[in-house]
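Undergrad:
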Amino acid sequence: MEPKGLNRLEHGILGPMSDTEVPLLSTFALEDILMKRKGLKRRLSARPHLRPVRIAILGGGTTNEVADLLELHLLESGFLPALHQAEYGRFYVDAVHSPEALIAFAPDIVYLHTSVRDIQAFPPINATEADLTQYLEAELHRYRQIWTSLGEKLNCTIIQNNFEPPIETILGNLDASLPGGHTRFVNELNRAFAASATNKLLINDVATIAARVGLDRWFDAERWFSYKLHTTPEGSHALALSLAALVRGIYGKTRKVLVLDLDNTLWGGVIGDDGVDKIAIGRETPLAEAYTAFQEYCLSLRNRGILLAVCSKNNEEIAKQGFEHPDSVLKLEHISCFKANWDPKHQNIEAIARELNLGADSFVFVDDNPAERAIVEGQVAGIAVPNIGSEVSHYARVIEAGRYFEQTSFSKEDIERAALYQENSQRAAFESKFADYGEYLDSLEMTAEIARFKPLYLDRITQLTNKTNQFNLTTRRYAQHEIEAAAINPDAIGIYGKLTDRFGDNGLISIVLGQKQGTELDIELWLMSCRVLKRDMEQAMLDELVRQARAIGVTALRGTYIPTKKNGMVADHYDKLGFNPVSETEDGVKTYVFDLHEYTPRNAHIRVLDNTEL
Numbered sequence: 014m015e016p017k018g019l020n021r022l023e024h025g026i027l028g029p030m031s032d033t034e035v036p037l038l039s040t041f042a043l044e045d046i047l048m049k050r051k052g053l054k055r056r057l058s059a060r061p062h063l064r065p066v067r068i069a070i071l072g073g074g075t076t077n078e079v080a081d082l083l084e085l086h087l088l089e090s091g092f093l094p095a096l097h098q099a100e101y102g103r104f105y106v107d108a109v110h111s112p113e114a115l116i117a118f119a120p121d122i123v124y125l126h127t128s129v130r131d132i133q134a135f136p137p138i139n140a141t142e143a144d145l146t147q148y149l150e151a152e153l154h155r156y157r158q159i160w161t162s163l164g165e166k167l168n169c170t171i172i173q174n175n176f177e178p179p180i181e182t183i184l185g186n187l188d189a190s191l192p193g194g195h196t197r198f199v200n201e202l203n204r205a206f207a208a209s210a211t212n213k214l215l216i217n218d219v220a221t222i223a224a225r226v227g228l229d230r231w232f233d234a235e236r237w238f239s240y241k242l243h244t245t246p247e248g249s250h251a252l253a254l255s256l257a258a259l260v261r262g263i264y265g266k267t268r269k270v271l272v273l274d275l276d277n278t279l280w281g282g283v284i285g286d287d288g289v290d291k292i293a294i295g296r297e298t299p300l301a302e303a304y305t306a307f308q309e310y311c312l313s314l315r316n317r318g319i320l321l322a323v324c325s326k327n328n329e330e331i332a333k334q335g336f337e338h339p340d341s342v343l344k345l346e347h348i349s350c351f352k353a354n355w356d357p358k359h360q361n362i363e364a365i366a367r368e369l370n371l372g373a374d375s376f377v378f379v380d381d382n383p384a385e386r387a388i389v390e391g392q393v394a395g396i397a398v399p400n401i402g403s404e405v406s407h408y409a410r411v412i413e414a415g416r417y418f419e420q421t422s423f424s425k426e427d428i429e430r431a432a433l434y435q436e437n438s439q440r441a442a443f444e445s446k447f448a449d450y451g452e453y454l455d456s457l458e459m460t461a462e463i464a465r466f467k468p469l470y471l472d473r474i475t476q477l478t479n480k481t482n483q484f485n486l487t488t489r490r491y492a493q494h495e496i497e498a499a500a501i502n503p504d505a506i507g508i509y510g511k512l513t514d515r516f517g518d519n520g521l522i523s524i525v526l527g528q529k530q531g532t533e534l535d536i537e538l539w540l541m542s543c544r545v546l547k548r549d550m551e552q553a554m555l556d557e558l559v560r561q562a563r564a565i566g567v568t569a570l571r572g573t574y575i576p577t578k579k580n581g582m583v584a585d586h587y588d589k590l591g592f593n594p595v596s597e598t599e600d601g602v603k604t605y606v607f608d609l610h611e612y613t614p615r616n617a618h619i620r621v622l623d624n625t626e627l
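Taking the working numbering, the leading residue of the sequence shown gets 14, the next gets one more, and so forth.
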């Protein structure tokens, strides 16, 4: 029986595609995706506001199947991909010796679709440890040449496969330990790849992906010998899902919040009926241990920067008692926003989004009740609602399969994000004590570091550029290499802002990037984290921008506001700063100019560190 989504597509029942009515690829069987890919591509491509991305694929084997599946998943993720596929087996030659076609294509990303079958030479069975080191260095040298050449000629992000285990293990179990074992060689090579990774060289972890699929379902010898395909269709699909997640990570399209139901989701049983003592949590029974393991998984997500929120139909006081259970891994202090009442869950999720100042399209909602999942998915645009089923032992695996929280870098701010949101709650409570808002700002004892882009912060600058949607005047996205280029461009001004106060360190929270055009500075990007709204950081950033602009002969700033569904909050940003509007298009794009001749500093509430303090 065909999936419902496919049946509607086939019979043309779906009208013009909208942002909220898209056939989810996860609802289709893989064979149907492959068979109907042209129709799916046509419908997914019809959606508005897709972000163009150019990806070159260099393969040791044939890449068509992976490319077709990747294209569909990128379209579903909000991208409009342009793909360039080189001939199979030429990945080294095209990257190092004949890069003309790549240079002409000008990719944003180069993906190296390599496999264990592309390793040039394994050490002999009787190899010594010294031989193993020599063979490893020879293979690594070949890939380093590729990475260096691509970096120098294209200045793009590179995604490199590591290697799945070899199908044949000639030495049996010794294959993993002896220096002549192929398995040992692949493991050592994968470790060396991991050590080589940077934010411009990302490793697609094929070793883990193949292990999850299973080697017997990953590789088909007949497909390899007949068509030079590295993988089965299942393997190709797993690769495409991983690659799409990496691309989302590169451009900041990762989820930020895990919204959790309580009863039969975080613990077994109903807290209101069973009481704290009777809910299933702890180590005494298999069921209780499974719920404990899921709580541990949720806490591990929080520890890497994912916010946790609660959305439960319950009495709030009773619901909170579940976290008082002595075996509960999660505590109330781990929850950034707590909603337990009898209102519809989709309304509570919208309230959570408002409180956290984040779009619901950055949320993942987990609930054991299929009816609640269906209502939330239908009512909250953009939210991810994985079908976790009703077996708690499967919850984490289902969430992991969705690759919702894929990141391409990991910063100090990620680790501290949940704490930063809790500190914001303290600031809000503190604000209520002051009748005068200026006095409140002064009482925060704010200190800012505002300076040109530094190598130390380029990861975080790129991350913030791609994650910030609301306080973002243009919502333009930049890959790491583009930010690096702007940092060293003498005709560009890129400044960051960090902010601390009496409650803690907010981290790097604001970016302005401008390009000099004659005597004007065209502001391509102005963004700020919503957690520091109404703190006068905009004024402090403008002061430094003007100072930097004057230093390179700029006499006027030119700003642009490009409206999106999410950035309406900054529609009057330039008006508030005193910029003069000069034009407006039918689409609402506004252009402003600001004369610097009479400008005087405006920041009155933030102490900005000078050069001697940085």
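Note that CB positions come from ideal geometry on N, CA and C, so glycine has one too.
In this text the structure is predicted, and so the values were computed from the model without any measurement.
Identify every residue that forms a DSSP beta bridge with isoleucine 536.
TA: For the purposes of this step, residue 536 is taken as the residue at position 523 of the sequence shown. According to DSSP, isoleucine 536 bridges with Gly527 and Gly572.
Undergrad: Measuring only the C-alpha atoms, how far is alanine 564 from leucine 526?
TA: If you number the sequence shown from 1, residue 564 lands on position 551. If you number the sequence shown from 1, residue 526 lands on position 513. Near 15 Å, if we compare the C-alpha coordinates of leucine 526 and alanine 564.
Undergrad: Can you look up lysine 266 in the DSSP assignment and give me helix, strand or coil?
TA: Start at 1 with the first residue of the sequence shown, and residue 266 comes out as number 253. Lysine 266: coil per DSSP, three-state reduction.
Undergrad: Take alanine 119 and list the residues in its own chain whose beta-carbon comes closer than 7 Å to its own, dropping the five residues that flank it on each side.
TA: Position 106 of the sequence shown, counted from the start, is the residue given in the question as residue 119. Excluding residues within five positions, the ones whose Cβ falls inside 7 Å are Arg67.
Undergrad: Decide if the region 389-405 is in contact with the region 351-365; the criterion is three or more beta carbon pairs, one per stretch, under 8 Å apart.
TA: Yes, since at least three Cβ pairs between the region 389-405 and the region 351-365 fall closer than 8 Å, the two stretches touch.
Undergrad: Would you say alanine 562 and isoleucine 506 are within 8 Å of each other, going by their C-beta atoms?
TA: Counting from one through the sequence shown, the residue named residue 562 turns up at place 549. Counting from one through the sequence shown, the residue named residue 506 turns up at place 493. In contact: alanine 562 and isoleucine 506 (Cβ atoms closer than 8 Å).
Undergrad: At the level of alpha carbons, what is the spacing between lysine 241 and glycine 265?
TA: Counted from its first residue, the sequence shown places residue 241 at position 228. Counted from its first residue, the sequence shown places residue 265 at position 252. Rounded to the nearest angstrom, the two C-alpha atoms are 34 Å apart.
Undergrad: Given this structure, state the Cα-to-Cα distance separating histidine 250 from isoleucine 284, to the nearest angstrom.
TA: The residue you call residue 250 lines up with position 237 of the sequence shown. The residue you call residue 284 lines up with position 271 of the sequence shown. One C-alpha to the other measures close to 41 Å.
Undergrad: So, leucine 63 versus glycine 102, is the Cβ gap smaller than 8 Å?
TA: Here residue 63 refers to the residue found at position 50 when the sequence shown is read from its first residue. Here residue 102 refers to the residue found at position 89 when the sequence shown is read from its first residue. No, Cβ-Cβ distance for leucine 63 and glycine 102 is not below 8 Å.
Undergrad: Out of Leu558, Asp290, Leu540 and Cys543, point me to the one whose CA is closest to leucine 534's CA.
TA: The residue given as residue 534 occupies position 521 in the sequence shown. With distances taken between Cα atoms, leucine 534 lies closest to Leu558.
Undergrad: Give me whichever residues DSSP pairs with asparagine 77 in a beta bridge.
TA: Mapped onto the sequence shown, residue 77 falls at position 64. Paired residues: none, contrary to the question.
Undergrad: What is the DSSP secondary structure of tyrosine 509, counted as helix, strand or coil?
TA: The residue given as residue 509 occupies position 496 in the sequence shown. Residue state, collapsed to three classes: strand.
Undergrad: The alpha helix (DSSP H) with glutamate 142 in it runs from where to where?
TA: Looking up residue 142 in the sequence shown gives position 129. 142-167 is the extent of the alpha helix (DSSP H) around glutamate 142.
Undergrad: How big is the Cα-Cα spacing for isoleucine 46 and arginine 60?
TA: Within the sequence shown, numbered from 1, the residue matching residue 46 stands at position 33. Within the sequence shown, numbered from 1, the residue matching residue 60 stands at position 47. The straight-line gap from Cα to Cα measures roughly 18 Å.
Undergrad: Please specify which runs of the beta strand (DSSP E), each continuous and at least 3 residues long, are wholly inside the region 186-247, giving them in chain order.
TA: Segments of the beta strand (DSSP E) lying fully in the region 186-247: 214-217.
Undergrad: Using C-beta distances below 7 Å, list every residue in its chain close to leucine 254, excluding the 5 sequence neighbours before and after it, in chain order.
TA: In the sequence shown, the residue the question calls residue 254 occupies position 241. If we look at leucine 254 and ignore the five residues flanking it on each side, its Cβ neighbours are His86 and Arg416.
Undergrad: Which residues share a DSSP beta bridge with arginine 315?
TA: Walking along the sequence shown from the start, residue 315 turns up at place 302. According to DSSP, which records beta bridges pairwise, arginine 315 is partnered with nothing at all.
Undergrad: Out of curiosity, what's the CA-to-CA distance linking glycine 73 and aspartate 233?
TA: Here residue 73 is taken as the residue at index 60 of the sequence shown, counted from 1. Here residue 233 is taken as the residue at index 220 of the sequence shown, counted from 1. Taking the straight line joining both Cα atoms gives about 16 Å.
Undergrad: Take alanine 464 as the anchor and find which of Phe484, Leu555, Asn382 and Arg544 has the nearest alpha-carbon.
TA: For this step, residue 464 is matched to residue 451 along the sequence shown. Among Phe484, Leu555, Asn382 and Arg544, the Cα nearest to that of alanine 464 belongs to Leu555.
Undergrad: Is it right to say tyrosine 124 is buried, meaning 16 or more other beta carbons lie within 10 angstroms of its own, or is it exposed?
TA: Taking the first residue of the sequence shown as 1, we reach residue 124 at position 111. Classification for tyrosine 124: buried.
Undergrad: Can you give the Cα-Cα distance for glutamate 599 and glutamine 308, rounded to whole angstroms?
TA: Taking the first residue of the sequence shown as position 1, residue 599 is located at position 586. Taking the first residue of the sequence shown as position 1, residue 308 is located at position 295. Whole-angstrom Cα-Cα distance: 50 Å.
Undergrad: Indicate the three-state DSSP secondary structure (helix, strand or coil) for aspartate 518 in the structure shown.
TA: The sequence position of residue 518 within the sequence shown is 505, counting from 1. Aspartate 518 falls in the strand class under three-state DSSP.
Undergrad: Secondary structure at proline 383, three-state DSSP: helix, strand or coil?
TA: In the sequence shown, the residue the question calls residue 383 occupies position 370. In this structure, proline 383 counts as helix in the three-state DSSP scheme.
Undergrad: Identify whether threonine 170 lies in helix, strand or coil by the three-state DSSP scheme.
TA: The residue you call residue 170 lines up with position 157 of the sequence shown. Three-state result, threonine 170: strand.
Undergrad: Name the DSSP bridge partner or partners of arginine 620?
TA: The count along the sequence shown starts at 1 and reaches residue 620 at position 607. For arginine 620, which the question treats as bridged, DSSP gives the partners Thr460.
Undergrad: Return the residue from the list Ala205, Lys579 and Leu167 that minimises the CA-CA distance to alanine 394.
TA: Here residue 394 corresponds to residue number 381 of the sequence shown, with the count starting at 1. Nearest of Ala205, Lys579 and Leu167 to alanine 394, Cα basis: Lys579.
Undergrad: Sort Cys543, Gly510 and Asp504 by Cα distance to glycine 581 and report the nearest one.
TA: Position 568 of the sequence shown, counted from the start, is the residue given in the question as residue 581. Taking only the C-alpha atoms, the option nearest glycine 581 is Cys543.
Undergrad: If the criterion is Cβ atoms closer than 8 Å, does the pair leucine 486 and histidine 586 meet it?
TA: Along the sequence shown, one-based indexing puts residue 486 at 473. Along the sequence shown, one-based indexing puts residue 586 at 573. Taking 8 Å as the Cβ cut-off, leucine 486 and histidine 586 qualify as a contacting pair.
Undergrad: Check whether the Cβ atoms of leucine 57 and leucine 88 sit closer than 8 Å, and answer yes or no.
TA: Start at 1 with the first residue of the sequence shown, and residue 57 comes out as number 44. Start at 1 with the first residue of the sequence shown, and residue 88 comes out as number 75. Yes, they are a contact pair.
Undergrad: For phenylalanine 607, write down the residues that DSSP places opposite it in a beta bridge.
TA: Your numbering for residue 607 matches position 594 in the sequence shown. Phenylalanine 607 is bridged to Leu570.
Undergrad: Secondary structure at phenylalanine 104, three-state DSSP: helix, strand or coil?
TA: Walking along the sequence shown from the start, residue 104 turns up at place 91. Of the three classes helix, strand and coil, the one that applies to phenylalanine 104 here is helix, per DSSP.
Undergrad: Going along the chain, which residues of its own chain have a beta-carbon closer than 6 Å to the beta-carbon of glycine 572, five neighbours each way excluded?
TA: The residue labelled residue 572 in the question sits at position 559 within the sequence shown. Answer for glycine 572: Ile536, Tyr587, Phe592 and Tyr605, listed in chain order.
Undergrad: The beta strand (DSSP E) spanning alanine 69 covers which residue range?
TA: Within the sequence shown, residue 69 is the residue found at index 56, counting from 1. Here the beta strand (DSSP E) through alanine 69 covers 64-72.
Undergrad: Have a look at the DSSP bridge pairing and note the partners of proline 94.
TA: Working through the sequence shown from its first residue, we reach residue 94 at position 81. Partner(s): Val66.
Undergrad: I need the straight-line Cα distance from aspartate 608 to leucine 167, nearest angstrom please.
TA: On the sequence shown, residue 608 is found 595 positions in, with the first residue counted as 1. On the sequence shown, residue 167 is found 154 positions in, with the first residue counted as 1. Answer to the nearest angstrom: the Cα atoms are 37 Å apart.
Undergrad: How far does the alpha helix (DSSP H) with alanine 353 in it extend, from its first residue to its last?
TA: Start at 1 with the first residue of the sequence shown, and residue 353 comes out as number 340. Looking at the DSSP string, alanine 353 is not in any alpha helix (DSSP H); the run it does join, the beta strand (DSSP E), is 350-354.
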